[in-house]
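Novice:
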Amino acid sequence: DAGITQSPRHKVTETGTPVTLRCHQTENHRYMYWYRQDPGHGLRLIHYSYGVKDTDKGEVSDGYSVSRSKTEDFLLTLESATSSQTSVYFCAISSKSNTEAFFGQGTRLTVV
Amino acid sequence: GESVGLHLPTLSVQEGDNSIINCAYSNSASDYFIWYKQESGKGPQFIIDIRSNMDKRQGQRVTVLLNKTVKHLSLQIAATQPGDSAVYFCAENRWGSQGNLIFGKGTKLSVKP
Numbered sequence: 021d022a023g024i025t026q027s028p029r030h031k032v033t034e035t036g037t038p039v040t041l042r043c044h045q046t047e048n049h050r051y052m053y054w055y056r057q058d059p060g061h062g063l064r065l066i067h068y069s070y071g072v073k074d075t076d077k078g079e080v081s082d083g084y085s086v087s088r089s090k091t092e093d094f095l096l097t098l099e100s101a102t103s104s105q106t107s108v109y110f111c112a113i114s115s116k117s118n119t120e121a122f123f124g125q126g127t128r129l130t131v132v
Numbered sequence: 125g126e127s128v129g130l131h132l133p134t135l136s137v138q139e140g141d142n143s144i145i146n147c148a149y150s151n152s153a154s155d156y157f158i159w160y161k162q163e164s165g166k167g168p169q170f171i172i173d174i175r176s177n178m179d180k181r182q183g184q185r186v187t188v189l190l191n192k193t194v195k196h197l198s199l200q201i202a203a204t205q206p207g208d209s210a211v212y213f214c215a216e217n218r219w220g221s222q223g224n225l226i227f228g229k230g231t232k233l234s235v236k237p
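First to last, the protein sequences are chains P and B.
Note that our numbering has the first sequence beginning at 21, numbered continuously upward.
Note that our numbering has the second sequence beginning at 125, numbered continuously upward.
What follows is the structure in structure tokens.
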């Protein structure tokens with residue numbers, strides 16, 4: 021998976037608790053992305069980063085925040101998890117803005 | 125496995141036949157397109173891409189066709205094999221959008237032995 025590691029792979033959490041998902045890459049790629057995948061919606065962009073400390077919102081950013089303090093790590097935080105955030109979360113990386121993105125294996129998050 | 129296949133268009137083909145998966149994209153400013161394959165429980169896997177200055181691009185057993193006039197993309201898989209069974213997504217990228225890919229809903233390909 022192009023040197024991308026997502027952790028944890030599975031998590032069950034309670035409504036209202038904070039959750040942080042981690043994406044780690046060994047490719048030294050500039051761009052990193054967080055997507056969520058839900059039945060009937062395909063993959064939707066939550067947040068992305070175009071460099072260390074440079075991040076921006078995607079299509080479905082409400083309820084999520086991100087941080088990128090170093091090139092290899094991109095963290096996605098749910099400040100107060102809700103049931104609507106139950107989903108499969110994918111991290112992706114790319115070396116340039118207009119080239120293919122490579123995806124991690126995904127994190128299945130269940131909010132109960 | 126993943127339940128990404130719910131309510132998806134499904135294409136069922138016989139092993140050895142050719143498959144054609146279609147995709148309509150939305151933004152006439154999109155200039156880069158990718159096809160991904162996603163197997164159950166895994167992340168999307170890059171198959172092939174094409175830029176807007178091309179109409180056709182071939183890979184190993186796969187061909188992507190781009191019709192910018194009607195904003196249509198297709199993926200052709202030759203001699204489809206059981207290992208090709210998966211959900212296929214097209215994605216579009218607009219120059220200057222920081223690489224944000226916009227994904228289609230996906231098509232589930234089932235290959236009958």
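Even glycine gets a Cβ: it sits at the ideal position worked out from N, Cα and C.
Check whether the Cβ of residue 145 of chain P lies closer than 8 Å to any Cβ atom in chain B.
Specialist: The requested residue 145 of chain P is not part of the displayed model; chain P covers only 21 to 132.
Novice: Closest by CA to residue 85 of chain P, which one among P/92, P/75 and P/91?
Specialist: P/75
Novice: What are the residues of the region 139-167 of chain B that lie near chain P, defined by any Cβ-Cβ distance shorter than 9 Å?
Specialist: 155, 156, 158, 160, 162, 165, 166 and 167
Novice: I want to see whether chain B comes within less than 8 Å of residue 109 of chain P, judged by CB atoms only; does it?
Specialist: No, residue 109 of chain P does not count as interfacial toward chain B.
Novice: I'd like the list of long-range same chain contacts for residue 237 of chain B, defined as Cβ closer than 8 Å, with 5 residues on each side in sequence excluded.
Specialist: 139 and 206
Novice: Would you say residue 94 of chain P lies against chain B (beta-carbon separation less than 8 Å)?
Specialist: no
Novice: Rounded C-beta distance between residue 168 of chain B and residue 94 of chain P? I'm assuming under 8 Å.
Specialist: No, residue 168 of chain B and residue 94 of chain P are not in contact; Cβ-Cβ is about 17 Å, not under 8 Å.
Novice: From the DSSP secondary-structure annotation, give me the bridge partner or partners of residue 88 of chain P.
Specialist: According to DSSP, which records beta bridges pairwise, residue 88 of chain P is partnered with nothing at all.
Novice: Just the C-alpha distance for residue 127 of chain P and residue 121 of chain P, rounded to the nearest angstrom, thanks.
Specialist: Near 17 Å, if we compare the C-alpha coordinates of residue 121 of chain P and residue 127 of chain P.
Novice: Apart from the five residues on each side of it in sequence, which residues of its chain come closer than 7 Å, Cβ to Cβ, to residue 106 of chain B?
Specialist: Nothing can be reported for residue 106 of chain B, as the shown portion of chain B is limited to 125 through 237.
Novice: Among P/112, P/116 and P/107, which residue has its Cα nearest to the Cα of residue 39 of chain P?
Specialist: P/107
Novice: Looking at residue 16 of chain P: is its Cβ nearer than 8 Å to the Cβ of residue 57 of chain P?
Specialist: Any property of residue 16 of chain P remains undetermined from this structure, which presents chain P solely from 21 to 132.
Novice: Using DSSP's beta-bridge definition, name the partner residues of residue 52 of chain P.
Specialist: P/69 and P/113
Novice: Measure the C-alpha to C-alpha separation of residue 33 of chain P and residue 129 of chain P and round it to an integer number of angstroms.
Specialist: 8 Å
Novice: Is there at least one Cβ from chain P nearer than 8 Å to residue 173 of chain B's Cβ?
Specialist: Cβ-Cβ to chain P under 8 Å: yes for residue 173 of chain B.
Novice: What residues of chain B sit near residue 47 of chain P, judged by a beta carbon separation below 9 Å?
Specialist: None at all; the shortest Cβ gap to chain B is about 14 Å.
Novice: Is residue 125 of chain P helix, strand or coil by DSSP?
Specialist: Assigned with DSSP and collapsed to three states, residue 125 of chain P falls in coil, not helix or strand.
Novice: Which residues of chain B have a Cβ atom closer than 9 Å to the Cβ of residue 125 of chain P, listed in chain order?
Specialist: 165, 166 and 167
Novice: Under 8 Å between C-beta atoms, does residue 9 of chain P make it to chain B?
Specialist: One cannot answer for residue 9 of chain P here, as it falls past the ends of chain P, which runs 21 to 132.
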